[in-house]
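Here's the structure we're looking at; comments come further down.
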RNA sequence: GGAGGGGUGGCUGAGCGGACGAAAGCGACGGUUUUGAAAACCGUUGUCCCGCUUUGCGGGACCGGGGGUUCGAAUCCCUCCCCCUCCGCCA
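In our numbering, the protein residues as written are 19 to 443.
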C-alpha cells in the first residue's frame, strides 16, 4: 500500500509512478478527494467527541437536578450526531482503503522504464549453453521415458496442470530442497522456517495478493483459509503487527513450501510439462531490512539465488524487470532464468523483488530506529531460491545423454545417495 | 467436537460504570552517589490518527477483534478469534 501522505504532498510523483507501472494516474485525484472528505468528517466528529468527553465528566460531578438532566439530554443528541458523522467517515475511509489497496507499488527511479517484458534488460549471462551432438528432448518426453513423470495419472487424480513425480524424479526434487535449504542456512545466513501452507486472508492482503488477485488463489470456503501461492506470504507476514528493534535487522528467512496457484491469468499458457502447474515446490528467501540497506540487500539476494544456479552448473541469465513488468508489490526486481536445452527456453526460476515499505504498510511491520524516535516501516524483499520443478526441468534437459540417461550435477549427488545419473526404470 | 477458565502497557499483575492511558512490581533509559561497578535514591518510559502559529502545542482513538447499552465503558450485554485445563478423536 502506498503512503497516503505521498498523495497529499507529492501527487505528481505518484501520478508519474503509476503511469510507469502501467496504471491509470487518475486514481490519484480520487484518492485525494476521498482523503479530504474523510479528514473533514473526522475533524467534525472529533470536535464533538471532545465536547462530549468534557461534559460527561462534568455530569459525573454534578448534583442530581434540572441542570444535570438538561445536559444529559443535550449530550444524547451530540452522541447521535457523532454516530452519524462516524459512519460517514468510516464509509469514506473504506472507499479510500479499497482504492489504495488496488494500487500497485511505485517503481524505483532506477528501474528501466517500459510497458512490458520487452523492456526488461539482460544484466548478465553466466555459463555456456549446453551443446549436443543429438537432438535434445524436452522434459515432457524425457520424464515419462525415465519413469519419473506421469502426466496422465496426474490429470486422472486432479485434472489438467497436475502431474505425478516418481522414483528418482521425486527424489531429485526432495534432494534439491534439502540441498538448497542447507546452502541458504549455512552459506547465506538464513533462518530456516517451516510455515503453514494455508493462511488467513489478512496474510494475503499483507503480501499484496488480496484483494486484487483472489482469482489466482485456492481457498477453503468453510474456514476462510487460503492455500499459499508462495512461501513469501507466510514469511513476509511472520512479523505482522509487530515493532522490531533495528539491531535485529536485517532478518533473513528461508522456507520450503508447496505453492498453489489457480493460474487463471495464465490460462492456455505453458500447458505442457511441469513448467506451470497448479501445485509446485519452491524454496523461498525473504528479508526484512531497514530502508537504507534494502537496495544493497536486493543485489545480495539476487547473488544468493544465482549461487544455486551456478552450483548446479546451469547456464542462466539475470534480467532487470521493467517498470511495466514488475509484480504488484515490487519497486525493483530481477528475474533469474535458467536455460532448458530440450524445450529451448529460458525458464524463470527466481524473481527477486525489493518491495520497499509497500508490504510492510499492509502488514504493519515496523521497527524502532536505533537511538531515534518513533517507528518506521521495514522494507521487505523476496526471491525464489529457487523454484523446484523448473530446476528439475533444466537438470533433466541439460544433463541428458545419447543413451537416454541423465547425468546429475555433482553438488546434488551426496543428497541422492551418491547416485551419478538417472537411468530409465 | 464437549465442559470449564482466561485474554489489560516490554513482562508480571491490579482495576469490574465517572477524575483510568490505566495502580503496584519488574525490566529499560536518563540523572545523583561511587575510583569503577553494584546497591540506593530521583526522574522518564506505548502506539496510531487529525489539526495548528509544526523540533512544540491542542484534540481524538486504542485494555484480544467487531458490534451494542449509557451523558459516560478496561469495567455491563452480544458475537467472533486466540490461549490454558479436563474429556473425546486422531497423523
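Glycine included, every Cβ here is placed at the ideal spot set by N, Cα and C.
Report all residues from its chain with a CB closer than 8 Å to the CB of residue i; omit the five preceding and five following residues, and keep chain order.
i, result
"residue 196", "433"
"residue 521", "Residue numbering for the chain in the displayed model covers 19 to 443; residue 521 lies beyond these limits and cannot be assessed."
"residue 237", "243, 244, 245"
"residue 66", "96, 99, 100, 103"
On the criterion of 16 or more Cβ atoms from any shown chain inside 10 Å, does residue i qualify as buried, or is it exposed?
i, result
"residue 352", "buried"
"residue 418", "buried"
"residue 367", "buried"
"residue 227", "buried"
"residue 131", "exposed"
"residue 265", "exposed"
"residue 290", "exposed"
"residue 334", "buried"
"residue 72", "exposed"
"residue 354", "buried"
"residue 254", "buried"
"residue 380", "buried"
"residue 68", "exposed"
"residue 279", "buried"
"residue 204", "exposed"
Less than 8 Å between the C-beta atoms of residue i and residue j, yes or no?
i, j, result
"residue 165", "residue 185", "yes"
"residue 416", "residue 323", "no"
"residue 376", "residue 123", "yes"
"residue 336", "residue 142", "yes"
"residue 397", "residue 252", "no"
"residue 286", "residue 180", "no"
"residue 373", "residue 405", "no"
"residue 234", "residue 282", "yes"
"residue 260", "residue 386", "no"
"residue 392", "residue 319", "no"
Quick one: what's got a C-beta closer than 6 Å to residue i's C-beta in the same chain, skipping five residues either side?
i, result
"residue 412", "332, 356, 358"
"residue 443", "165, 185"
For residue i, which beta-bridge partners are listed by DSSP?
i, result
"residue 399", "305, 372"
"residue 351", "371"
"residue 271", "209, 304"
"residue 337", "140, 353"
"residue 280", "In the DSSP output, where bridge partners are listed per residue, residue 280 has none listed."
Excluding five sequence neighbours on each side, which residues of the same chain lie with their C-beta closer than 7 Å to the C-beta of residue i?
i, result
"residue 199", "210, 272, 274, 301"
"residue 155", "360, 418"
"residue 248", "277, 300, 302"
"residue 59", "103, 106, 107, 110"
"residue 207", "270"
message = Assess contact between the region 298 to 317 and the region 328 to 345, defined as three or more Cβ pairs (one per stretch) separated by less than 8 Å. Is contact present?
response = no
ask   = Are there three or more Cβ pairs, one per stretch, closer than 8 Å when the region 98 to 110 is compared with the region 296 to 304?
value = Look at the beta carbons and you see the region 98 to 110 not touching the region 296 to 304: under three pairs across the two are nearer than 8 Å.
ask   = Is there contact here, the region 335 to 351 with the region 19 to 39, by at least three beta-carbon pairs under 8 Å?
value = yes
inquiry  = Quick check: the region 21 to 29 against the region 43 to 58, are at least 3 beta-carbon pairs closer than 8 Å?
reply    = Yes, the region 43 to 58 touches the region 21 to 29.
inquiry  = I'd like to know if the region 150 to 161 and the region 62 to 80 are in contact, where contact means that at least 3 CB-CB pairs between them fall below 8 Å.
reply    = no
query = Quick check: the region 238 to 250 against the region 212 to 223, are there 3 or more CB pairs under 8 Å?
reply = yes
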